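Those sequence lines, one after another, are chains A and B. Residue numbers are given in the numbering used here: position 238 of the first sequence equals residue 238, and the series is strictly consecutive. Residues are numbered in the numbering used here as their position in the second sequence, beginning at 1, plus a constant of 917. Using N, Cα and C, we set each Cβ at its ideal position, and we do this for glycine too. The structure presented is a predicted model; accordingly, all values stated were derived computationally and were not measured. So the structure is just underneath, and the comments pick up after that.
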Amino acid sequence: MTRLFAGSVMGALGLLAAEPVVPVPANIRPFIQNHCVDCHDADSARAGFRIDLLSADFTAGNNASLWKEVMDKINGGEMPPKKKPRPDAKEAFRVTSWVAQQLNETTKIAQGAGGRVPMRRMNRVEYANTVRDIFSLEEHFARRIEKELPSDGEVGGFDRGGASLFMDEGQLTRYMAVADLVLDEAIFIEKPDVKKFTWNALNEKHVHGINAASKDATGEVIDTNPPPGVVATFKEPLSKISVDKGLDVNQSTGKVNRYVPHGPFYWTAKNGGIEYLAGEIGWPAGNLRIPFHAEDWGKKGVNRDGWYRFRIKAGAFKGGGKEEQKEVRLFVEYGLGSPIEVVQSAVIDAPLDAPKEYVFMMYLQAGSPGMFRSWRIGWDNGKKDVVIPNPLYRDVQAKPAILADWLGRAIGEKKPAEFIADLKKQSEVALVAALENRKNFAGPMWIYDPKFDIANRPRLWIGEMNWEGPIVEWPSKARQTLFFAGEGRADDAYLREIFARIVPIAYRRPAAASEIERMVTWTLKNKAARALTFNQAVREGVKNLLCSPAFLYLGSESQVAAPSAAPATGPKPINDWQLASRLSYLLWSSAPDQELFKLAAAGKLHDPSVMRAQVKRLLADRRSTEFVRNFAGQWLSVRNFENGNPPSRNFYRQYDDALRDSSKREPLEFFQEVLQKNLPLTNFLDSEFLVINERLAKHYGIEGVVGENFRRVPAPADGRRGGVLGMAGLMTFLADGTRTLPVRRATWVLDKLWNQPVPPPPPNAGELPAIKGRQQQTVRERLDQHRLSENCASCHTRVDAFGLALENYDAVGMWRDRQNGEGMQGDKGSPLLDVSGQLPDGSAFKTVQEFKAALLVQKKVFARAFVEKFLCYSLGRPIVYGDHVVVDQITAQAAAHDYRLQEVIQATVASSLFQTQ
Amino acid sequence: MNIQSNSWLMSRRTLIKGLGATIALPWLEAMSPNAKKITTAGSMADGEIPRRSMFTYWGLGLEIRHFTPTDTGKNYTMTPTLAPLAAFKDDMTVLTGLTAYSGGHGSCSVLLTGLNTIRNAKTLMSVDQQIAAHHGNSTRFPSLVLGTARETGFGSPEPKTLSWSRNHTPITPENRPEVLFEKLFGSENNTTLAAAKQALAQRGSLLDSVREQAATLQRNVGKEDRARLDQYFTSIRDLEDRIKIEGEWIDRPRPKVARPDFGSHSTRERIANDGRGYSEYTRLMFDMVALGFQTDSTRVVTHIPRTERDEARCYGYKTNSKWDLHTLTHHNEQEDKLVFWRQIDALYMAEWAYFLGKLKSVKEGHGTLLDNTMAAWGTTNGGYGAHDSTLLPLILCGGSALGLKHQGHLVQKDVPLANVWQTVVSRIGMPLPTNFQGGVATGVVKELI
């Protein structure tokens, strides 16, 4: 580290003044005098560093990096050097936390665009939504566009910060590529060739794994029920085939001597379809999967993104008695394991004897050309092996089959000839014996497993399936939007009209005649120069528009006002067009709609009552789910849930995909409830209700919640769940898959709920050492040890309580009373958890319930923190000290309304910061 | 997904079966000292040896006690983890004890920049891009940026790229070998060539137009926003430079390499199983890199063959590991976990050995491609278990014709990893860039040169 010092300090050395330009605060100075100046002043300047000259102005030169070094050195115990007297830990902490705070402020100032709302490019979500709304694209297509754009950086925890939404060569290249994608696939695409297929399970016998009819190499068919005397040729070793299929075959002639009845199957052909009994044989155990025409359907059927329709006739019996299932659900799966995977399911509620048609509409993507895409329908019945080999028959066939297997392997592995010869002999002997035994075996080969109640087993009947697609409107809405007067005309005047319509929409403001003319001129010039058709020329023009700065940059709507000779640098009110965009990008993450444009044109948006009504309207619109996805998704870290280490499924066996997906939705569904019902913010700290589905209810030990859809249910009386703390997804994210991370949980709570980000640990802090050997320690006990180091203690004593309070939630958010994970099972042998602690304000708590109650007492702190977070999201810049007046105003206004969420939004939108530039 | 995991695995196996067949790559045999004669690639002059470099990052590091040789020097004793590299013992130096500015999860962005971490939100240019800038347009592609994910991960806790541009922005890696092949060797005919030229001209014209629009906009906005638009102008300029380079190369045919059969599985499918598809995928990517070097299509490459996601899933089909790699790295000194971890390290190391073998199999000048390529196996995850930024292992391979003097096992206790890059840069023969590695590097590793 000294090397860094030496290199970077040169700037400071250049200063000749004896005093720093901005002196350090009085309460910091004594520490520096007592512990630093000895070596780092004019006399010695060890490592070329003079702290006596270091200015407290963090924004000047590289002072910030130098101060950071100072902080890291003290934190890390490197400075003062070991031989010198140890500083008082509290005093050292005062210095390091002062530096950390100053650094934080400096960063904010640097990113803050001088308190203004910076002009910035759209982030990728906003870009995708904007294009979607301009051209009426499918939601799926919009999400694909989003993925095609590079990910955005963040400021203050959100991807709306001007400072991080940079533009570079890569970004611009991708804008061009995405514009091509939109133009080629949503607008100028050829009329689709709608494909239709019909399929019936009856014709797919071979996939049922029963070898009912299998072809050999010569194409000859061996039937399960061949008349005796039929000659068959086999591609597999005769012994194996004959034994497996219950055919008694003359080894020299290949003639079938006798047929052994197969016995029951787990399926039956019935009424022009197939009836399946829960529990097929072999694998995948307990999950019926029928791949159909696998490759053909994917490749020939889906060569274009779009909606596809499946109609499948089905009926079901969900079983009776002990065998009864909750429901029989049919899955249709496409492209499993690929980036374009789609799975849809339906509960088959029609009875077996009166099947009905079920319709699935699926949005399918073609993926890259030639990509393998699997196609299956299936039924997860969780049962297996309803039909088992007749134990008597097994005796007959097992030995020769095993020997044949061994023989094959031995040949493959090139074992010694004698060894192979010996095996061959054994095999032949066994086969002869088996065939001999079989003469006395009347069958059947298979029987129902007697442990099941067959009459009451669940059943699924599948009949004919009709498939068609893509089902699209053609010409697409986007194309109709663009060529608003049809496609009959190809004159320059039409081209001008087209751009006169589309340019203002893209610019989100009226366009000057000169701006439209510029676009038209370029397009016509391009058309002539490259001999383009009318449509091709329009295409290039629109591509240009989608890469133009007025489209990409939010805030450029200001350009519509007659530009003053000298643009003002201080805050000034924004025009109605800017306001319309600011509002719609805040609450929809997308462009303003017609109504907002109309109000802006009429100059009415600045009217507070109009604005208030618009906020309500926008929030009530479906597009506001994007606000939830983007604001709450980032505030509550949902976006990063999958970036954490996934739980070890070996230890957390209950953790499945359904839980992962549900716990990702929970925070958003909860936020949506608070937003739409306009509930107080305090619900995020603790609530009397949860918004969950069946899978989460099971995880939380709550009964009576059935189905995948989320709904509001009363929180259990034990107070273990409620608010965001304790949500499974969040607790899983704040763990590392095998163990909880209380410090990470604490810093999350302090950052997200208290808006008091904890300074990062010194670079060499390292991780909490894992439990070694057989020691049975809770994380708290280990943290306590950690705190023996005074340097660590200074920060950790203040922070840890916020995370240790949540120790009752294990690494997947399950409730626990004892330590689990890291080799401990959470059983009686594992230590009991102690989650007690004390908040910085002195309030003590013993349980997580008391912890949440203590947080609620400080709801003002939380509300203010929330306002700061939301304001940061709204403005696209960090909130700095200078904003405190507005933050206070918004918080006070919200407080007057019980801290209701919509009031926070209303007050923010009405604030001077939101309405100026 | 409503599929139980085991059935899923089974069905995956059948799906992936087609991947089992080894893809034979059409190697350009008998390379002459002057690659141009055969491949018409690059601007390599007769007898010139391009100074190539390759940087890789392996998330979560490895079990260093099983990796680190007990003795030092050229005649060190091979360790089980290093065993797959035995054939290259003289072609490489095993460095141990290095440190990085930051380690652990999400620290790949620090590897080549010295300082970029998600915590400090620094953005510095990475060393590979500095090297690429030095090589300039002497190859068709100044650099290749590769990884297992086709995203930068910027803004999330897990960055997924090693390369940061001269604008200090993350560069998106390519993760599809077939696309990479197309990019490097895609064949042109007169029609496609004309279309490509047309597209290039079109792009130039579009850039002219949007620049004009931006200039108007810039006149009418405030000071701060004007500065913001500067980025837009810079992007246009950079892109125009790019077009210029492309224009210079467009009439020179790409090297002719027969297209291998890439199969029809997407990258995600390949690495979504228990390691079966992974090896083949990784080797295909390495093949592309080797071909790129061999044909002088590029001279510097970064690649993340494994993020912290453990793409090979612990090679489950071979090891039957009960745990995922991350759990293994937090082994708590439990022997049953360490056993798996060590086994897995050797399997991953075999992939790297494959790459070295590929380079070594190609003759170039008086030596092999490996002699003319400095290839680094790197990570910022060290320590005995919890993957932090100390005790980092690094294997610097090849480059002996470029002046690297391999030392066997070299202990570099607490030496910044950036010093190794400074050493590489010195062998490229370029001046040390200013503010190199954010000031973290303190010099070269003298023993190596």
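Can you give me the start and stop residues for the beta strand (DSSP E) that residue i sits inside?
i, result
"Y494 (chain A)", "It is not in any beta strand (DSSP E) - Y494 (chain A) instead sits in the alpha helix (DSSP H) that spans 492-507."
"P608 (chain A)", "Element bounds for P608 (chain A): not the beta strand (DSSP E) but the alpha helix (DSSP H), 608-620."
"S970 (chain B)", "969-975"
"P264 (chain A)", "Segment: none, P264 (chain A) is in no beta strand (DSSP E) and carries neither H nor E."
"N200 (chain A)", "195-200"
"Y175 (chain A)", "It is not in any beta strand (DSSP E) - Y175 (chain A) instead sits in the alpha helix (DSSP H) that spans 169-182."
"P389 (chain A)", "387-389"
Given a cut-off of 9 Å on the beta-carbon distance, is the pair residue i and residue j in contact?
i, j, result
"D159 (chain A)", "N808 (chain A)", "no"
"V125 (chain A)", "S589 (chain A)", "yes"
"N526 (chain A)", "S1306 (chain B)", "no"
"I978 (chain B)", "G1233 (chain B)", "The question names Ile, but residue 978 (chain B) in the sequence shown is Gly. Cβ distance not < 9 Å, so G978 (chain B) and G1233 (chain B) don't count as in contact."
"F972 (chain B)", "A1293 (chain B)", "yes"
"F310 (chain A)", "W467 (chain A)", "yes"
"V706 (chain A)", "V691 (chain A)", "no"
"G1064 (chain B)", "I1221 (chain B)", "yes"
"A478 (chain A)", "A186 (chain A)", "yes"
"T847 (chain A)", "V857 (chain A)", "no"
"A56 (chain A)", "P25 (chain A)", "yes"
"P757 (chain A)", "N75 (chain A)", "no"
"L1334 (chain B)", "A1017 (chain B)", "yes"
"S912 (chain A)", "K752 (chain A)", "no"
Which chain A residues are close to residue i, counting only those with a beta carbon under 9 Å from its beta carbon?
i, result
"G1070 (chain B)", "S151, N643"
"H1243 (chain B)", "N645, P646, S648, D736, G737, T738"
For residue i, does the three-state DSSP call read helix, strand or coil?
i, result
"A294 (chain A)", "Caution is warranted here: a pLDDT of 43 is assigned to A294 (chain A), below 50, making its placement in the model unreliable, and no coordinate value can be reported."
"P1348 (chain B)", "coil"
"E850 (chain A)", "helix"
"Y1271 (chain B)", "helix"
"E1225 (chain B)", "coil"
"K415 (chain A)", "coil"
"W815 (chain A)", "strand"
"C1231 (chain B)", "helix"
"L238 (chain A)", "Confidence is the limiting factor: at L238 (chain A) the pLDDT is only 47, short of 50, which leaves the residue's position unreliable and the question unanswerable from this model."
"G911 (chain A)", "The residue you asked about is not Gly; residue 911 (chain A) is Ser in the sequence shown. In the structure shown, S911 (chain A) sits in coil (DSSP, three-state: anything other than H, G, I, E or B)."
"A728 (chain A)", "helix"
"A232 (chain A)", "Residue confidence is low: A232 (chain A) scores 46 on pLDDT, short of 50, so the model does not pin down where it sits. Its coordinate-derived value is still stated next. Here A232 (chain A) sits in coil by DSSP."
"K215 (chain A)", "Low confidence applies here, because K215 (chain A) scores a pLDDT of 35, under 50, leaving its location unreliable and the question unanswered by this model."
List the residues of chain A whose Cβ lies closer than 8 Å to the Cβ of residue i, in chain order.
i, result
"T1013 (chain B)", "Ordered by position in chain A, no residue passes the 8 Å Cβ test against T1013 (chain B), which lies about 18 Å from the chain."
"W1240 (chain B)", "S648, N650"
"P1074 (chain B)", "N640, N643, G644"
Span of the alpha helix (DSSP H) holding residue i?
i, result
"D1045 (chain B)", "1044-1052"
"V472 (chain A)", "Premise fails: V472 (chain A) is in no alpha helix (DSSP H) and is neither H nor E."
"I1153 (chain B)", "1140-1167"
"L1028 (chain B)", "1025-1028"
"A600 (chain A)", "594-601"
Residues of chain B with CB under 9 Å from residue i, in chain order?
i, result
"Q756 (chain A)", "Here the premise fails: no neighbours, minimum Cβ distance about 17 Å."
"W748 (chain A)", "Simply none; closest approach about 12 Å."
Can you list the residues of chain A that residue i reaches, using a CB-CB cut of under 7 Å?
i, result
"Y1149 (chain B)", "M167, P549"
"S1122 (chain B)", "N526"
Quick one: list the residues of chain B neighbouring residue i, beta-carbon separation under 8 Å, in chain order.
i, result
"M371 (chain A)", "S1181, H1182, S1183"
Threshold first: 4 residues or longer. Then list the alpha helix (DSSP H) segments lying entirely within the segment 821-908 of chain A, N to C.
848-857, 859-875, 884-896
At 4 residues or longer, what runs of the alpha helix (DSSP H) sit wholly inside the segment 623-686 of chain A?
657-676
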